[in-house]
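Q: Numbering (my numbering), first residue to last: 11 to 140. Just so you know, even glycine gets a beta-carbon here, dropped at the ideal spot from N, CA and C. The structure presented is a predicted model; accordingly, all values stated were derived computationally and were not measured.
(1) So which of 100, 103, 96 has the shortest CA-CA distance to residue 56?
(2) Tell me the rounded alpha-carbon separation between residue 107 and residue 29.
(3) Measure how close the beta-carbons of residue 84 and residue 44 come, nearest whole angstrom, since I'm counting them as under 8 Å.
(4) My understanding is that residue 129 touches residue 75, with C-beta atoms under 8 Å, so please give their C-beta distance in whole angstroms.
(5) Tell me, which residues are paired with residue 100 by DSSP?
(6) Measuring alpha carbon to alpha carbon, tell me which residue in 46, 39, 33, 91 is nearest residue 61.
(7) Once you ignore the five residues that flank residue 36 on each side, which residues in its own chain have a CB closer than 7 Å to its CB?
Dropping the structure here:
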């Protein structure tokens, strides 16, 4: 994951000039795993289903996320998703919403976190075995 984060302009104005460098926009890259999860699927017809799922895990970044000294390089992650899937022959498409959350769980003086609201589109084509 590549992130570009920093304090909002309103927050920078509140902080004052002495601390602005700590909260300036920065780039960070990271990776992690989400080994735990739960998925529930409910049929809505012969070829349509609703999928609800949630996953949890952790990530390690190259710089403090989200910013300043209030965060850490190691964070917890969670994703909650709702999707509508439809099959048509060997093709399947899905559209849905996901909330992605990153936080370090309060292991420090503050608990800055961030949420990403995502619209997700997916197309899958099942290939016949040869």
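A: Reading it off the structure:
(1) With respect to the C-alpha of residue 56, the residue from 100, 103, 96 having the closest C-alpha is 96.
(2) Per the coordinates, the alpha-carbon of residue 107 lies some 36 Å from the alpha-carbon of residue 29.
(3) At roughly 14 Å, the Cβ-Cβ gap does not stay under 8 Å, so residue 84 and residue 44 are not in contact.
(4) Between residue 75 and residue 129 the Cβ distance is about 23 Å, and since that is not below 8 Å, they are no contact.
(5) BP columns for residue 100 are empty, so no partner.
(6) With respect to the C-alpha of residue 61, the residue from 46, 39, 33, 91 having the closest C-alpha is 91.
(7) Take residue 36, set aside five residues on each side of it, and the residues of its chain with a beta-carbon closer than 7 Å to its own are 15, 16, 73, 77, in chain order.
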